[in-house]
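Notes for the one structure printed next.
Protein chains in written order, with this note's numbering: chain A, 273 to 892; chain B, 72 to 414.
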């Protein structure tokens, strides 16, 4: 291919945002993921945003059925999948209509012209079936209309595949073409196809042919005069892999269990967008991982509580509606004071809400959503990689402090991916459970005799002489026996709250993500808004604005340094994908006049939205 | 037992009762069940630390507090879920689940059927008193239609569950019924339940002398017991009423016969607890005893099946994964399948 590479001029770009869009059956997610991996392997920094409909196969050709995969790659550090696209690849009219607003003026459209026939135009809602590819309405963009269907079929002439199967190779044609356009080789995808179709030689051959045909098309077609190149990013030296948030969560949970030398029990009921954690964990049984697909969300957490009671680390995950069902059992785990990790991969709510869209509206549910006074530590991940770190920390806190822990992620980072310079297992801390082997009060065992951190001992069934009974009924201090004594109840409520509050003692000092330690404006974020806020803050700082950014990982209890930090700025802005849940918590806790920047559209913030919000506040 | 100088010395008796004051109402049927469970465990040779009692919510669910074993008094209806998780990771423990008609069949109805179909190895003691006791007297899912209770002053409009038919429908592998007023029978049945690997479900008719006194009188009191009850025994004919009546199967249907002139016990249905189809009929013998000539209510072990337990299958997969892939290497896992190096 080296001769081909020299034929057409190559322009260098610092970063590119490309959005692949098509019917949910068009293989868009696969195409996007392959191009991502190719760029990551080349050395770019990348960030992705898969965006798909809730329906598995929504009606073909309709706006409801459009599946998208946005990739931001660059020779510079990348923190978000990008606000606006440079390139929009659309397989049909609906994909164009649904995504055109995301394309920069002057951006490039690569359209499969076969997806713009009268039927597709009608289904997409183009009035009078006016074809945007030919009616001049796209004059502000660079439009390349390519009959991908026909070209793919031509490339596959002579194979024994039926028309339907041939058409399924369209995505490989597109991928081959994009690889050419951005000066990337097909090699990674060829390896992928070899593995995927090792037992189906006909499909392997067809996909390989389509991939190569797409590449060659770029090279030979007169319409494409320029190729682009995005040089490798100055990433820290090391070995990388690609990781999605849900993978990161699963690996963090396994790593935590391994470092605690415990078996991992995962009780779960399928729910979008948390199911991939179940899929990932179920592949790793050789780590002593047991996955249990329960009959419902309540049984999922109930079984995890049972496993923790038996001495494994019990874990359950879900999304908003499922978490709501787990509420009573979370109260039980809190009352029992046993380790348990509850992961909420948040999605748009309330009720069934927007299952495939993202939101941060379950924060109050996590912090407050139980009967009685039942404070449970709540932590949140900010990026796919951070899912690994926070999942590990969730296991660590649960085991070392004998408490359920809630980890919040969301659909945006759960499905998004980024390059990960994965850690060495020896660099991960050991997790030490508070086991007890002998009676702790003469020859008696007091299951709720606490240490200086307020943590009770963990006595596992099978230990002679430590038989004891625990339950959800209020218990007498130290003995754990049933007690309805009024003063004892108040004492127990305080002891349990104190234990959770003391978890803050283990947190590292709070650290600004960027900016000066005092000034005009502090942007306080949590969770998946990290990339957009970081990008905006860095830009504002470059523009000379007095803006700093802190990102909160510990939502309950808060880091002890947060209160003093908030006082160092004249204004505080809290961007959230909800109506202001963290903002109210900050106001209540610290009496600070925090302002909100809120977006509740099921879509992540763009960095420009954050920047505009900050500027708006700075002008006051 | 051990011998010293030829003298047999009985092992020191282990006391399975805890130091907690029992708070059931005086006269409650629960006392009898507690006593039989403690006795059978004392005779079983089990160590106290290897036994776990898990319960839900309700009068019966206080049971774990009275046992000097490990115990977990959980939340309403969810004990089967907790049991499933515990058994998955600790298959060597002896696990007992204490539940009632409301806990198991109403709020926990979903969990109990899934526990049964998975066949988790646990002894489930379903205390059926056909009433909600702890909430002071509302009808339960086993209360008969028309039952007048505090929440049904004009009589219940609900059709009740036949608990063991439900258990059979969920493919339970050990199905039995006993009663609080027959301690010897109960202990025998519970001992069998304990020996079974898989979900052993024993429905125990338990009198709530405060809110539903005498609900099972027709089966438990001397005057009615012989004609209204049928105690099944493996390999023995199904006879009752002092051996004067029996049950046979004609044209795929059970029928009551008079033993004497026309029929002998040999004409009766011989109980075979391994017979899946006969067990389905047996659990369906559930007539209201008010009508003369109706079938007696059977007691005893109806059905046993040695299907593999859920936890054995789970553990076998873990074992196989370790054999095939090797014991998990965390660094290999973190590295994943595809990596690239920079610098």
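For glycine and all other residues, C-beta sits at the position ideal for the given N, C-alpha and C.
If you're wondering where the values come from, they're calculated on a predicted model, not measured in any experiment.
Query, Result
"Spatial distance of residue 886/A from residue 852/A (CA atoms)", "16 Å"
"DSSP bridge partner residues for residue 341/A (one or two, in chain order)", "292/A and 322/A"
"Sequence ranges, alpha helix (DSSP H) only - wholly within the segment 455-482 of chain A, length at least 4", "459-468"
"is_contact[residue 89/B, chain A] using C-beta, thresh 9 Å", "yes"
"At least 3 beta-carbon pairs within less than 8 Å: the segment 647-666 of chain A vs the segment 571-586 of chain A", "no"
"CB contact below 9 Å: residue 117/B versus chain A", "no"
"Cβ-based contacts, 7 Å cut-off: residues of the segment 385-413 of chain B near chain A", "385, 388, 389, 392, 393, 396, 397, 398, 399, 401, 402, 404, 405, 406, 407, 409, 410, 411, 412 and 413"
"Inter-residue spacing [alpha-carbon to alpha-carbon] between residue 913/A and residue 460/A", "Lying before the first or after the last residue shown, residue 913/A is absent from chain A, which here runs from 273 to 892."
"7 Å Cβ cut-off: residues of chain B touching residue 724/A", "Within chain B, no residue comes near residue 724/A; the closest Cβ sits about 27 Å away, beyond 7 Å."
"Residue range of the unbroken beta strand (DSSP E) whose run includes residue 316/B", "316-321"
"Where the beta strand (DSSP E) containing residue 301/B begins and where it ends", "300-302"
"Contact set between residue 140/B and chain A, taken where Cβ atoms lie within less than 7 Å", "739"
"For residue 652/A, the three-state DSSP class (helix, strand or coil)", "strand"
"Inter-stretch contact (C-beta, 8 Å, three-pair minimum) for the segment 661-680 of chain A and the segment 494-508 of chain A", "no"
"Inter-residue Cα distance where the pair is residue 137/B and residue 88/B", "6 Å"
"Interfacial residues, the segment 346-380 of chain B to chain A, with Cβ spacing under 9 Å", "none"
"Helix, strand or coil at residue 666/A according to DSSP, with G and I counted as helix", "helix"
"Cα-Cα separation, residue 143/B to residue 614/A", "20 Å"
"Limits of the unbroken alpha helix (DSSP H) element including residue 262/A", "This structure cannot settle anything about residue 262/A, because the visible part of chain A is limited to 273 through 892."
"Contact list for residue 108/B against chain A, beta-carbon separation under 8 Å", "Simply none; closest approach about 15 Å."
"Selection of the segment 246-260 of chain B by Cβ proximity to chain A, strictly under 7 Å", "none"
"Inter-residue Cα distance where the pair is residue 113/B and residue 300/B", "30 Å"
"One or two residues paired with residue 329/B in a DSSP bridge", "316/B"
"Rounded C-alpha distance that separates residue 451/A from residue 325/A", "26 Å"
"Test item: CB-CB of residue 611/A and residue 546/A under 9 Å", "no"
"Residue 841/A (DSSP reduced to helix, strand or coil)", "strand"
"Three-state secondary structure (DSSP) of residue 641/A", "coil"
"Contact list for the segment 377-405 of chain A against chain B, Cβ threshold 9 Å", "none"
"Euclidean distance between Cα positions of residue 257/A and residue 295/A", "Outside the displayed range of chain A (273 to 892) lies residue 257/A, so it cannot be described from this structure."
"Cβ pair count under 8 Å reaching 3, the segment 192-201 of chain B against the segment 150-168 of chain B", "yes"
"Contacting positions in the segment 170-203 of chain B - beta carbon closer than 7 Å to chain A", "181, 182 and 185"
"Any chain A beta carbon closer than 9 Å to residue 85/B", "no"
"Own chain residues within Cβ distance below 6 Å of residue 726/A, not counting five before or after", "770, 771 and 774"
"Residue 709/A beta carbon less than 9 Å from that of residue 680/A", "no"
"Neighbour flag for residue 151/B against chain A, beta carbons, 9 Å", "yes"
"For residue 377/B, the three-state DSSP class (helix, strand or coil)", "coil"
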